[in-house]
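Numbering (mature numbering (1 follows the signal peptide of the UniProt record, and there is no 0)), first residue to last: -36 to -1, 1 to 255. A virtual CB, placed ideally from N, CA and C, is assigned to each residue, including glycine.
Printed below as a string of C-alpha coordinates:
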(Lines of atoms letter the chains of each structure in order from A and count residues from 1; the text may use other names and numbers.)
(Lines give C-alpha, C1' and ligand atoms only; values in the text may rest on other atoms or scores of the structure.)
Protein backbone atom coordinates (compact mmCIF):
# COMPACT_ATOMS: atom_id res chain seq x y z
CA UNK A 1 0.00 0.00 0.00
CA UNK A 2 1.37 3.44 -1.01
CA UNK A 3 1.93 5.92 1.81
CA UNK A 4 -0.30 9.00 1.26
CA UNK A 5 2.39 11.29 2.61
CA UNK A 6 4.85 9.99 0.03
CA UNK A 7 2.35 10.59 -2.74
CA UNK A 8 1.82 14.20 -1.67
CA UNK A 9 5.61 14.78 -1.48
CA UNK A 10 6.07 13.37 -5.01
CA UNK A 11 3.30 15.49 -6.47
CA UNK A 12 4.71 18.59 -4.78
CA UNK A 13 8.20 17.97 -6.19
CA UNK A 14 6.83 17.40 -9.71
CA UNK A 15 4.78 20.61 -9.55
CA UNK A 16 7.82 22.60 -8.39
CA UNK A 17 9.92 21.11 -11.20
CA UNK A 18 7.29 21.99 -13.84
CA UNK A 19 7.03 25.55 -12.50
CA UNK A 20 10.81 26.01 -12.68
CA UNK A 21 10.89 24.67 -16.26
CA UNK A 22 8.12 27.04 -17.31
CA UNK A 23 9.98 30.03 -15.84
CA UNK A 24 13.15 29.02 -17.68
CA UNK A 25 11.25 28.74 -20.96
CA UNK A 26 9.77 32.22 -20.49
CA UNK A 27 13.20 33.73 -19.74
CA UNK A 28 14.72 32.05 -22.79
CA UNK A 29 11.93 33.38 -25.01
CA UNK A 30 12.42 36.90 -23.67
CA UNK A 31 16.18 36.67 -24.20
CA UNK A 32 15.73 35.52 -27.79
CA UNK A 33 13.16 38.26 -28.46
CA UNK A 34 15.42 40.93 -26.98
CA UNK A 35 18.43 39.76 -28.97
CA UNK A 36 16.60 39.58 -32.28
CA UNK A 37 16.78 42.75 -34.39
CA UNK A 38 13.77 43.79 -36.46
CA UNK A 39 14.19 43.15 -40.15
CA UNK A 40 14.38 46.40 -42.12
CA UNK A 41 12.91 46.64 -45.59
CA UNK A 42 15.22 46.97 -48.55
CA UNK A 43 15.31 50.35 -50.26
CA UNK A 44 16.28 51.64 -53.69
CA UNK A 45 19.79 51.01 -54.95
CA UNK A 46 20.77 53.21 -57.86
CA UNK A 47 22.53 51.68 -60.85
CA UNK A 48 26.32 51.59 -60.55
CA UNK A 49 28.96 50.82 -57.96
CA UNK A 50 28.76 52.55 -54.61
CA UNK A 51 31.81 54.69 -55.43
CA UNK A 52 30.28 55.91 -58.70
CA UNK A 53 26.68 56.46 -57.57
CA UNK A 54 25.25 59.87 -58.37
CA UNK A 55 24.81 62.18 -55.39
CA UNK A 56 21.94 63.87 -57.23
CA UNK A 57 20.10 60.55 -57.50
CA UNK A 58 20.67 59.86 -53.81
CA UNK A 59 19.23 63.29 -52.94
CA UNK A 60 16.15 62.63 -55.08
CA UNK A 61 15.61 59.22 -53.46
CA UNK A 62 15.72 60.89 -50.06
CA UNK A 63 13.13 63.38 -51.32
CA UNK A 64 10.87 60.46 -52.29
CA UNK A 65 11.17 58.83 -48.87
CA UNK A 66 7.77 60.12 -47.58
CA UNK A 67 6.08 57.94 -50.23
CA UNK A 68 7.83 54.73 -49.21
CA UNK A 69 5.11 53.63 -46.76
CA UNK A 70 2.27 53.93 -49.28
CA UNK A 71 1.10 51.09 -51.52
CA UNK A 72 -0.23 52.02 -54.95
CA UNK A 73 -2.55 49.90 -57.05
CA UNK A 74 -4.23 50.27 -60.41
CA UNK A 75 -5.98 48.02 -62.92
CA UNK A 76 -6.30 47.96 -66.69
CA UNK A 77 -8.49 45.89 -68.96
CA UNK A 78 -7.82 45.53 -72.68
CA UNK A 79 -10.62 43.75 -74.46
CA UNK A 80 -11.48 40.34 -73.08
CA UNK A 81 -8.00 38.85 -73.16
CA UNK A 82 -5.96 41.17 -70.98
CA UNK A 83 -7.00 42.13 -67.46
CA UNK A 84 -4.13 43.19 -65.20
CA UNK A 85 -3.60 44.65 -61.75
CA UNK A 86 -0.42 46.60 -60.99
CA UNK A 87 1.08 46.98 -57.52
CA UNK A 88 3.75 49.57 -56.85
CA UNK A 89 5.82 50.89 -53.97
CA UNK A 90 8.34 53.71 -53.93
CA UNK A 91 11.76 52.28 -53.06
CA UNK A 92 10.35 49.30 -51.19
CA UNK A 93 9.53 45.71 -52.14
CA UNK A 94 5.91 45.00 -52.97
CA UNK A 95 6.19 41.70 -51.08
CA UNK A 96 9.15 41.81 -48.71
CA UNK A 97 8.74 38.14 -47.78
CA UNK A 98 9.81 37.07 -51.29
CA UNK A 99 13.12 38.96 -51.16
CA UNK A 100 12.99 39.47 -54.93
CA UNK A 101 13.52 43.28 -54.91
CA UNK A 102 10.28 43.69 -56.90
CA UNK A 103 9.16 47.32 -56.72
CA UNK A 104 6.41 47.09 -59.35
CA UNK A 105 4.59 43.90 -60.30
CA UNK A 106 1.88 42.96 -62.74
CA UNK A 107 -0.75 40.37 -61.80
CA UNK A 108 -2.94 38.69 -64.39
CA UNK A 109 -6.40 38.83 -62.83
CA UNK A 110 -7.58 35.86 -64.87
CA UNK A 111 -4.75 33.39 -64.40
CA UNK A 112 -3.22 34.82 -61.21
CA UNK A 113 0.25 34.91 -62.76
CA UNK A 114 2.58 37.54 -61.33
CA UNK A 115 5.25 39.27 -63.42
CA UNK A 116 7.92 41.60 -62.04
CA UNK A 117 8.02 44.80 -64.10
CA UNK A 118 10.95 46.44 -62.29
CA UNK A 119 13.22 45.96 -59.29
CA UNK A 120 14.40 48.48 -56.73
CA UNK A 121 18.01 47.24 -56.80
CA UNK A 122 18.33 48.66 -60.34
CA UNK A 123 16.97 52.16 -59.90
CA UNK A 124 17.48 55.35 -61.85
CA UNK A 125 15.96 58.71 -60.95
CA UNK A 126 16.15 62.23 -62.33
CA UNK A 127 13.98 65.33 -62.21
CA UNK A 128 12.87 68.57 -63.82
CA UNK A 129 11.39 71.78 -62.50
CA UNK A 130 8.13 70.18 -61.31
CA UNK A 131 8.47 66.44 -61.90
CA UNK A 132 10.54 63.40 -60.89
CA UNK A 133 11.13 60.37 -63.11
CA UNK A 134 11.64 57.08 -61.25
CA UNK A 135 12.82 54.08 -63.27
CA UNK A 136 12.95 50.46 -62.11
CA UNK A 137 15.00 48.17 -64.33
CA UNK A 138 15.76 44.44 -64.14
CA UNK A 139 12.22 43.11 -64.43
CA UNK A 140 11.28 39.67 -65.73
CA UNK A 141 12.29 39.00 -69.33
CA UNK A 142 9.85 39.55 -72.18
CA UNK A 143 8.76 36.45 -74.07
CA UNK A 144 8.30 37.08 -77.76
CA UNK A 145 8.45 40.88 -77.49
CA UNK A 146 11.41 43.28 -77.40
CA UNK A 147 13.99 40.62 -78.22
CA UNK A 148 13.40 39.00 -74.84
CA UNK A 149 15.03 41.81 -72.88
CA UNK A 150 14.18 42.53 -69.25
CA UNK A 151 11.15 44.63 -68.47
CA UNK A 152 11.43 48.19 -67.21
CA UNK A 153 8.99 50.46 -65.32
CA UNK A 154 8.99 54.24 -65.77
CA UNK A 155 7.01 56.22 -63.20
CA UNK A 156 6.41 59.93 -63.86
CA UNK A 157 5.71 61.78 -60.59
CA UNK A 158 4.20 65.22 -61.27
CA UNK A 159 3.93 68.14 -58.86
CA UNK A 160 0.61 68.68 -57.11
CA UNK A 161 0.77 70.76 -53.95
CA UNK A 162 -1.21 69.70 -50.92
CA UNK A 163 -1.38 66.05 -52.05
CA UNK A 164 1.02 63.46 -50.63
CA UNK A 165 0.24 61.02 -53.44
CA UNK A 166 -2.69 60.27 -55.73
CA UNK A 167 -3.85 59.27 -59.22
CA UNK A 168 -1.47 56.36 -59.77
CA UNK A 169 -2.29 54.87 -63.18
CA UNK A 170 -0.70 53.19 -66.18
CA UNK A 171 -0.39 55.26 -69.35
CA UNK A 172 0.90 52.76 -71.86
CA UNK A 173 3.18 49.80 -72.51
CA UNK A 174 5.74 50.15 -75.28
CA UNK A 175 6.53 46.62 -76.43
CA UNK A 176 6.56 46.85 -80.21
CA UNK A 177 10.21 47.89 -80.46
CA UNK A 178 13.24 45.65 -80.76
CA UNK A 179 14.74 47.02 -77.54
CA UNK A 180 14.29 49.63 -74.80
CA UNK A 181 10.67 48.68 -74.19
CA UNK A 182 9.01 50.00 -71.04
CA UNK A 183 5.81 50.39 -69.02
CA UNK A 184 4.86 54.02 -68.37
CA UNK A 185 2.99 55.06 -65.22
CA UNK A 186 2.10 58.44 -63.74
CA UNK A 187 1.06 59.84 -60.39
CA UNK A 188 0.74 63.17 -58.57
CA UNK A 189 2.60 64.14 -55.43
CA UNK A 190 3.75 67.23 -53.58
CA UNK A 191 7.26 65.78 -53.18
CA UNK A 192 7.93 66.63 -56.83
CA UNK A 193 7.14 70.31 -56.30
CA UNK A 194 9.95 72.87 -56.01
CA UNK A 195 10.43 74.75 -52.77
CA UNK A 196 8.27 77.85 -52.56
CA UNK A 197 10.16 81.14 -52.28
CA UNK A 198 9.06 83.63 -49.67
CA UNK A 199 7.22 86.57 -51.27
CA UNK A 200 7.09 88.74 -48.14
CA UNK A 201 8.52 92.21 -48.54
CA UNK A 202 10.57 94.02 -45.90
CA UNK A 203 7.55 96.11 -44.97
CA UNK A 204 5.39 93.02 -44.53
CA UNK A 205 8.00 91.38 -42.31
CA UNK A 206 8.28 94.53 -40.16
CA UNK A 207 4.48 94.75 -39.91
CA UNK A 208 4.28 91.11 -38.79
CA UNK A 209 6.99 91.69 -36.19
CA UNK A 210 5.25 94.85 -34.93
CA UNK A 211 1.92 93.04 -34.65
CA UNK A 212 3.58 90.22 -32.73
CA UNK A 213 5.22 92.66 -30.30
CA UNK A 214 1.93 94.53 -29.73
CA UNK A 215 0.06 91.28 -29.16
CA UNK A 216 2.70 90.08 -26.69
CA UNK A 217 2.60 93.46 -24.90
CA UNK A 218 -1.19 93.40 -24.53
CA UNK A 219 -1.48 89.76 -23.46
CA UNK A 220 1.56 89.84 -21.15
CA UNK A 221 0.53 93.16 -19.58
CA UNK A 222 -3.04 91.97 -19.07
CA UNK A 223 -1.88 88.81 -17.30
CA UNK A 224 0.57 90.79 -15.14
CA UNK A 225 -2.04 93.36 -14.12
CA UNK A 226 -4.64 90.71 -13.37
CA UNK A 227 -2.55 88.01 -11.69
CA UNK A 228 0.28 89.97 -10.04
CA UNK A 229 -1.15 93.42 -9.37
CA UNK A 230 -4.72 92.19 -8.89
CA UNK A 231 -6.31 94.87 -11.07
CA UNK A 232 -9.93 94.72 -12.12
CA UNK A 233 -11.94 96.11 -15.00
CA UNK A 234 -10.21 98.48 -17.40
CA UNK A 235 -7.23 98.77 -15.03
CA UNK A 236 -6.18 95.33 -16.27
CA UNK A 237 -5.09 96.93 -19.53
CA UNK A 238 -1.31 97.60 -19.32
CA UNK A 239 -0.44 101.28 -18.66
CA UNK A 240 -4.11 102.20 -18.89
CA UNK A 241 -3.62 105.70 -17.42
CA UNK A 242 -0.87 106.53 -19.93
CA UNK A 243 -2.93 105.45 -22.93
CA UNK A 244 -5.95 107.30 -21.55
CA UNK A 245 -3.97 110.55 -21.24
CA UNK A 246 -2.51 110.04 -24.69
CA UNK A 247 -5.97 109.54 -26.13
CA UNK A 248 -7.19 112.71 -24.44
CA UNK A 249 -4.27 114.70 -25.90
CA UNK A 250 -4.96 113.33 -29.35
CA UNK A 251 -8.64 114.15 -29.01
CA UNK A 252 -7.88 117.72 -27.83
CA UNK A 253 -5.49 118.29 -30.70
CA UNK A 254 -7.99 116.95 -33.18
CA UNK A 255 -10.68 119.22 -31.76
CA UNK A 256 -8.39 122.24 -32.03
CA UNK A 257 -7.11 121.48 -35.54
CA UNK A 258 -9.96 119.66 -37.20
CA UNK A 259 -13.07 120.88 -35.41
CA UNK A 260 -12.39 124.57 -34.63
CA UNK A 261 -15.54 125.46 -36.57
CA UNK A 262 -18.15 123.59 -38.58
CA UNK A 263 -17.10 122.73 -42.08
CA UNK A 264 -19.10 123.44 -45.25
CA UNK A 265 -20.68 126.54 -43.66
CA UNK A 266 -20.16 129.68 -45.80
CA UNK A 267 -18.64 132.66 -44.06
CA UNK A 268 -21.26 135.26 -43.18
CA UNK A 269 -20.30 138.83 -44.03
CA UNK A 270 -22.76 141.60 -43.25
CA UNK A 271 -23.08 143.90 -46.23
CA UNK A 272 -24.40 147.45 -46.36
CA UNK A 273 -27.53 148.05 -48.44
CA UNK A 274 -28.70 151.15 -50.13
CA UNK A 275 -31.59 151.40 -47.76
CA UNK A 276 -29.17 151.71 -44.89
CA UNK A 277 -27.53 154.79 -46.36
CA UNK A 278 -28.97 158.02 -45.04
CA UNK A 279 -29.97 161.02 -47.17
CA UNK A 280 -26.98 163.17 -47.69
CA UNK A 281 -27.25 166.85 -47.90
CA UNK A 282 -26.60 168.28 -51.26
CA UNK A 283 -24.75 171.14 -49.60
CA UNK A 284 -22.27 168.88 -47.79
CA UNK A 285 -19.45 170.11 -49.98
CA UNK A 286 -20.47 173.70 -50.42
CA UNK A 287 -17.99 174.91 -47.87
CA UNK A 288 -15.22 173.64 -50.03
CA UNK A 289 -16.06 175.96 -52.97
CA UNK A 290 -14.10 179.16 -53.18
CA UNK A 291 -16.00 182.17 -52.16
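From residue 33 to residue 69, what distance separates their C-alpha atoms? Looking at the two C-alpha atoms, the distance is approximately 17 Å.
Starting from the C-beta of residue 88, find all residues in its chain whose C-beta is less than 6 Å away, skip the five residues before and the five after it, and write them out in chain order. For residue 88, where only same-chain residues beyond five positions count, the Cβ hits under 6 Å are 11 and 99.
What's the call for residue 181, buried or exposed, on a 16-neighbour Cβ count within 10 Å? With fewer than 16 neighbouring CB atoms inside 10 Å of its own CB, residue 181 falls in the exposed class.
If you draw a straight line from the alpha carbon of residue 136 to that of residue 150, how long is it in whole angstroms? 10 Å
If you drop the 5 nearest sequence neighbours on each side, which residues of the same chain put their C-beta closer than 8 Å to that of residue 83? 64, 65, 66, 67, 100, 101, 102 and 103
Drop a sphere of 10 angstroms on the beta-carbon of residue 53, count the other beta-carbons inside from all chains shown, and report buried for 16 or more, exposed for fewer. By the neighbour-count rule (16 or more Cβ atoms within 10 Å), residue 53 is buried.
Give the secondary structure of residue 146 by DSSP, where H, G and I count as helix, E and B as strand, and everything else as coil. strand
Below 8 Å on the Cβ atoms is my contact criterion, and I expect residue 172 with residue 40 to pass it. Report the Cβ-Cβ distance as a whole number of Å. Not confirmed; about 51 Å, so no contact.
CA nearest to the CA of residue 93, picked from 202, 163 and 159: 159
By Cβ distance below 8 Å, which residues in the same chain neighbour residue 188 in space, the five residues on each side in sequence not counted? Cβ within range, chain order: 202.
Pick from 144, 26 and 124: whose alpha carbon is nearest that of residue 110? 144
With distance defined between alpha-carbon atoms, name the residue in 127, 29, 15 and 155 nearest to residue 5. 29
From residue -4 to residue 7, what distance separates their C-alpha atoms? With a pLDDT of 45 at residue -4, under the threshold of 50, the modelled position of this residue cannot be trusted, and the question is left open.
Measure the beta-carbon distance from residue 108 to residue 146 and round it to whole angstroms, keeping in mind my assumption that it falls under 8 Å. No, residue 108 and residue 146 are not in contact; Cβ-Cβ is about 17 Å, not under 8 Å.
When the Cα atoms are used, what is the spatial distance from residue 164 to residue 170? 10 Å
Do you know how far the Cα of residue 140 is from the Cα of residue -7? The predicted position of residue -7 is uncertain, since its pLDDT is 49 and thus under 50; no value can be drawn from it.
Note down the Cα distance separating residue 71 from residue 50, rounded to an integer number of angstroms. Taking the straight line joining both Cα atoms gives about 6 Å.
Quick check: the Cα distance between residue 95 and residue 214, rounded to an integer number of angstroms? 59 Å
Beta-carbon proximity check, residue 126 vs residue 153, cutoff 8 Å: One thing to note: residue 126 has its Cβ no nearer than 8 Å to the Cβ of residue 153.
Is it buried or exposed, residue 218, if we count other Cβ atoms within 10 angstroms and call 16 or more buried? exposed
Selection from 118, 138 and 142 that minimises the alpha carbon distance to residue 132: 118
May I ask you to report which of helix, strand or coil DSSP gives residue 34? coil
Given this structure, state the Cα-to-Cα distance separating residue 56 from residue 73, to the nearest angstrom. 23 Å
Applying the 10 Å Cβ sphere with the 16-neighbour rule, what's the burial state of residue 176? exposed
According to DSSP, which residues form a beta bridge with residue 98? 89 and 119
Round the Cβ separation of residue 156 and residue 31 to the nearest angstrom and send it over; I've been treating them as touching at under 8 Å. With a Cβ gap of about 10 Å, residue 156 and residue 31 do not count as contacting.
Across which residues does DSSP place residue 66 in a beta bridge pair? 83
Opening and closing residue of the beta strand (DSSP E) in which residue 49 lies: 46 to 53
Cα-Cα separation between residue 91 and residue 207, rounded to whole angstroms: 59 Å
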